[in-house]
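*Asks:* Right, I'll just put the structure down here and ask away after.
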Amino acid sequence: MKIVVLVKEVPDTYGERKLDLETGLADRAASEAVLDEISERALEVALAHADAHDDVEVVAMSMAPESAATTIRKGLAMGAASAVHIADPGLAAADLGLTARTLAAAIRRTGFDLVITGNLSTDGSGGVIPAMLAELLEVPNATALSSVEISDGSVSGTRNVEGGTMRVSAPLPAVISITEALPDARFPNFKGIMAAKKKPFETLSAADLGIEPEDLSVAMSIMTAIAEKPPRSAGVKITDEGDGGTRIAEFLIENRLV
Amino acid sequence: MTDYPADSILVVLEATPTGELATSAAGLLATASQIGTPVALAVTAPGQAQSLAEQAAALGADRVLAVETASTQSELTIPHVDALAAAAATVAPEAVLVSNSIDGRDIAGRFAARTGAPIAVDAIGVSRDDEGVVVRHSVYGGAYNVDSAATFGPIVVTVRQGAVDARAEARPVVLETLEVTASGAASATIESVEAVTETSSRPELRGAKRVVSGGRGLGSAEKFALVEELADALGAAIGASRAAVDAGYIPATAQVGQTGVSVSPQLYVALGISGAIQHRAGMQTAKNIVAVNKDPDAPIFEVADFGVVGDVFTVVPQLISALAERKR
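Listed in order, the protein sequences are those of chains A and B. Under UniProt numbering, the residues of the first sequence are numbered 1 to 258, in order. Under UniProt numbering, the residues of the second sequence are numbered 1 to 328, in order.
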């Protein structure tokens, strides 16, 4: 069984994240780049299954600038057998449609029984790529799973939807996305880090995948304006001298909040 | 069928497992009415369309296209996407609005991929300019406002739940049946659905006007009851920091922040929350923020309109009795 796990490099949320106000693109120099935590959990789902089954191959895949190669290698150090990195300057401002078409082409090229992604990245928080991929790959989608069971021919799990809990299953091949209810990822150990250097790492361009990023006959979503909000300024800060609660009540009343 | 207004905005209605209109519908229909004529799509189990249409009309739907099919109970996403594709072909809308919920994102994503339509996600509003529909987003935890638009063709928009306060005026119920040919696209099977029965009279966290959140500073699950007491005194929803969730004080559904629920209430009260950037990302667009924390250097004070450095277990009970006093 081949499991493709989509991984994403994101700006670390522990630092300040910036967008370039000229281009609208993420300012990658402004903050530390890390493997998104939800990507790591998605990898963990695949690796845990591979640990228990001999015939399972895990591929880490990412569409990201060339500079993200080091981050993607972390997936190899954690235990993925190989990595596919789609790096092309022409894809720098890709919208969700172009991103989905490019990833679908790469997944098709690599081959797959199961695609696992995180439900939402911490930077874009889009959450639509898994369903878009399932449509383009012509397979079922089972998204936002808070538990996952993989068997030879199918995948099933639980999803918490509005107003209820749902059990779903899908025959393979399929695309699933997982939530952070799933376990934390393992840390790469020294052996894993050393082994990662020898594992296959494929870098692909858009042209390798038959994708034309600047095809203007395809409808796109484009950014038309961007503005930084002024940082919120701190208000009144007092130290409780026995009347803290009363002072809050006064603040609430003054501002018509109660 | 060519009698749909040129400014039709197609709104995908969502139903709860018990067949009620999802709470997101009011905001979606109001959003659509700000830029055009809201035409709603209801994909329901047999016998549920009429009730959903009445609820949607009361919230401003100009007309409701109904698809009743048993497949919504057994197949995930696909019946809705097939219906949406048929509705879009019939209505030729300027935009398609879908709730940015788990199911809404799946429907929007599949539909956009199937039809090649551009997609804009997690919108907080829409407007019009000379060239058409403009979508407003708030990104990186509210640090930036970004506008987007389609190069051409109708744009698919997922709208953040609770982002739109406006409400559209009620309209008469106009229900039309829509014929759908199933695409036969492969789908996951829904094996069972368990409806969660709401036992609390407290408002839902998402979209709440007031939120009281607790953090690790509460110290234990038992002591977290203080958060509930203040929430009840204020008629507020209950939230929590990730630290409080990880410590097991409260279920993960209450988590506010980057990886939890984003809230934008009139009033946000943070108790014993230090205010890590991930938490602030999910609440700093609140209109008024009140914080109580022992640590004078807690980052939460950087965004608080009114901050008290002190012990939550002395400050909050005093606040609760001051509020009770006022009611008397």
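Backbone N, C-alpha and C fix where the C-beta goes; we use that ideal spot for every residue, glycine too.
If you draw a straight line from the C-alpha of proline 118 (chain B) to the C-alpha of alanine 112 (chain B), how long is it?
*Replies:* Taking the second sequence and counting its residues from 1, one reaches residue 118 (chain B) at position 118. Taking the second sequence and counting its residues from 1, one reaches residue 112 (chain B) at position 112. The straight-line gap from Cα to Cα measures roughly 6 Å.
*Asks:* Under a Cβ-count criterion, where at least 16 other Cβ atoms within 10 Å of its own Cβ denotes burial, should proline 173 (chain A) be classed as buried or exposed?
*Replies:* If you number the first sequence from 1, residue 173 (chain A) lands on position 173. Burial call: buried.
*Asks:* Which one or two residues does DSSP pair with glycine 307 (chain B) in a beta bridge?
*Replies:* Numbered from its first residue, the second sequence carries residue 307 (chain B) at position 307. Answer by DSSP bridge pairing, in chain order: A:Lys237 and B:Ala291.
*Asks:* Is the stretch 1-20 of chain B touching the stretch 35-53 of chain B, taking contact as three or more C-beta pairs under 8 Å?
*Replies:* Touching, per the Cβ criterion.
*Asks:* Got a sec? Which residues, its chain only, sit under 7 Å from alanine 123 (chain B) by beta carbon, not counting five neighbours each side?
*Replies:* Stepping through the second sequence from its first residue, residue 123 (chain B) is reached at position 123. Val135, Arg136, His137, Val157, Thr158, Val159 and Arg160.
*Asks:* Taking all protein chains shown into account, do 16 or more other C-beta atoms lie within 10 angstroms of the C-beta of proline 140 (chain A), making it buried, or fewer, making it exposed?
*Replies:* By 1-based counting over the first sequence, the position of residue 140 (chain A) is 140. With 16 or more other Cβ atoms within 10 Å, it is buried.
*Asks:* Does the distance from the CB of serine 169 (chain A) to the CB of threonine 117 (chain A) come in under 8 Å?
*Replies:* One-based indexing of the first sequence puts residue 169 (chain A) at position 169. One-based indexing of the first sequence puts residue 117 (chain A) at position 117. Contact: no.
*Asks:* Threshold first: 4 residues or longer. Then list the alpha helix (DSSP H) segments lying entirely within the stretch 170-252 of chain B, N to C.
*Replies:* Counting only runs of 4 or more, we get 225-234 and 242-246.
*Asks:* Is the beta carbon of serine 39 (chain A) closer than 8 Å to that of valine 7 (chain A)?
*Replies:* Taking the first residue of the first sequence as 1, we reach residue 7 (chain A) at position 7. Taking the first residue of the first sequence as 1, we reach residue 39 (chain A) at position 39. Cβ distance < 8 Å, so valine 7 (chain A) and serine 39 (chain A) count as in contact.
*Asks:* Can you list the alpha helix (DSSP H) stretches of 4 or more residues lying completely in the stretch 107-170 of chain A, in chain order?
*Replies:* Runs of the alpha helix (DSSP H) inside the stretch 107-170 of chain A: 129-137.
*Asks:* Rounded C-beta distance between arginine 202 (chain B) and alanine 61 (chain B)? I'm assuming under 8 Å.
*Replies:* Along the second sequence, one-based indexing puts residue 202 (chain B) at 202. Along the second sequence, one-based indexing puts residue 61 (chain B) at 61. With a Cβ gap of about 29 Å, arginine 202 (chain B) and alanine 61 (chain B) do not count as contacting.
*Asks:* What's the call for serine 217 (chain A), buried or exposed, on a 16-neighbour Cβ count within 10 Å?
*Replies:* The count along the first sequence starts at 1 and reaches residue 217 (chain A) at position 217. Exposed is the call here.
*Asks:* Go ahead and pull the three-state DSSP assignment for methionine 61 (chain A).
*Replies:* Along the first sequence, read from residue 1 onward, the residue named residue 61 (chain A) stands at position 61. In the structure shown, methionine 61 (chain A) sits in a strand (DSSP, three-state: E or B).
*Asks:* With distance defined between alpha-carbon atoms, name the residue in B:Ser127, B:Val139, B:Ser24 and B:Ala26 nearest to glycine 36 (chain B).
*Replies:* The count along the second sequence starts at 1 and reaches residue 36 (chain B) at position 36. Ranking the options by Cα distance to glycine 36 (chain B), first place goes to B:Ser127.
*Asks:* Tell me the residue span of the alpha helix (DSSP H) that contains proline 38 (chain B).
*Replies:* In the second sequence, residue 38 (chain B) corresponds to position 38, counting from 1. Segment 37-44 is the beta strand (DSSP E) holding proline 38 (chain B); no alpha helix (DSSP H) there.
*Asks:* With DSSP as the reference, label methionine 1 (chain A) as helix, strand or coil.
*Replies:* As a position in the first sequence, residue 1 (chain A) is number 1, starting the count at 1. Three-state result, methionine 1 (chain A): coil.
*Asks:* Are the beta-carbon atoms of aspartate 36 (chain A) and valine 10 (chain A) separated by less than 8 Å?
*Replies:* Taking the first sequence and counting its residues from 1, the one referred to as residue 36 (chain A) is at position 36. Taking the first sequence and counting its residues from 1, the one referred to as residue 10 (chain A) is at position 10. A contact, by the Cβ cut-off of 8 Å.
*Asks:* Looking at chain B, which residues of the stretch 77-88 of chain A have a Cβ within less than 7 Å of any of its Cβ atoms?
*Replies:* Those would be none; no residue qualifies.
*Asks:* Taking 8 Å as the cut-off, decide whether the C-beta atoms of valine 4 (chain A) and methionine 61 (chain A) are in contact.
*Replies:* For this step, residue 4 (chain A) is matched to residue 4 along the first sequence. For this step, residue 61 (chain A) is matched to residue 61 along the first sequence. Contact: yes.
*Asks:* Hey, how far is the Cα of leucine 120 (chain A) from the Cα of glutamine 258 (chain B)?
*Replies:* Within the first sequence, the letter at position 120 stands for residue 120 (chain A). Within the second sequence, the letter at position 258 stands for residue 258 (chain B). Near 10 Å, if we compare the C-alpha coordinates of glutamine 258 (chain B) and leucine 120 (chain A).
*Asks:* For phenylalanine 313 (chain B), decide whether its Cβ has a neighbour in chain A, counting only Cβ atoms nearer than 8 Å.
*Replies:* Here residue 313 (chain B) is taken as the residue at index 313 of the second sequence, counted from 1. No, phenylalanine 313 (chain B) does not count as interfacial toward chain A.
*Asks:* Scan the stretch 121-136 of chain A for residues whose Cβ lies nearer than 9 Å to a Cβ of chain B and list them as they occur along the chain.
*Replies:* From the stretch 121-136 of chain A, only Thr122, Asp123, Gly124, Ser125, Gly126, Gly127, Val128, Ile129, Pro130, Ala131, Met132, Leu133, Ala134, Glu135 and Leu136 have a Cβ closer than 9 Å to chain B.
*Asks:* For the pair the stretch 44-53 of chain B and the stretch 11-31 of chain B, tell me if three or more CB-CB distances fall below 8 Å.
*Replies:* They touch, by the three-pair rule.
*Asks:* Rounding to the nearest angstrom, what Cα-Cα distance links leucine 209 (chain A) and asparagine 100 (chain B) in this structure?
*Replies:* The residue labelled residue 209 (chain A) in the question sits at position 209 within the first sequence. The residue labelled residue 100 (chain B) in the question sits at position 100 within the second sequence. Each residue's alpha carbon lies about 31 Å from the other.
*Asks:* Short check: CB of alanine 83 (chain B) to CB of leucine 59 (chain B), under 8 Å?
*Replies:* Looking up residue 83 (chain B) in the second sequence gives position 83. Looking up residue 59 (chain B) in the second sequence gives position 59. Not a contact, by the Cβ cut-off of 8 Å.
*Asks:* What residues from the stretch 297-311 of chain B come within 8 Å of chain A, judged by C-beta to C-beta, listed N to C?
*Replies:* So the close ones are Phe301, Glu302, Val303, Ala304, Asp305, Phe306, Gly307, Val308, Val309, Gly310 and Asp311.
*Asks:* For the stretch 237-248 of chain A, enumerate the residues whose C-beta is nearer than 9 Å to any C-beta of chain B, in chain order.
*Replies:* Per Cβ criterion, the list reads Lys237, Ile238, Thr239, Asp240, Glu241, Gly242, Asp243, Gly244, Gly245, Thr246, Arg247 and Ile248.
*Asks:* Using a Cβ-Cβ cut-off of 8 Å, state whether leucine 19 (chain A) counts as contacting chain B.
*Replies:* Position 19 of the first sequence, counting from 1, holds the residue named residue 19 (chain A). Cβ-Cβ to chain B under 8 Å: yes for leucine 19 (chain A).
*Asks:* Among the candidates A:Ser154, A:Ala83, A:Ile211 and A:Ala42, whose CA atom is the shortest distance from the CA of lysine 199 (chain A)?
*Replies:* One-based indexing of the first sequence puts residue 199 (chain A) at position 199. Of the listed residues, the one whose Cα sits closest to lysine 199 (chain A) is A:Ala83.
*Asks:* Could you tell me the distance, in whole angstroms, from the CA atom of alanine 270 (chain B) to the CA atom of glycine 244 (chain A)?
*Replies:* Sequence index remark: in the second sequence, residue 270 (chain B) carries index 270 (1-based). Sequence index remark: in the first sequence, residue 244 (chain A) carries index 244 (1-based). For alanine 270 (chain B) and glycine 244 (chain A), the distance between alpha carbons rounds to 14 Å.
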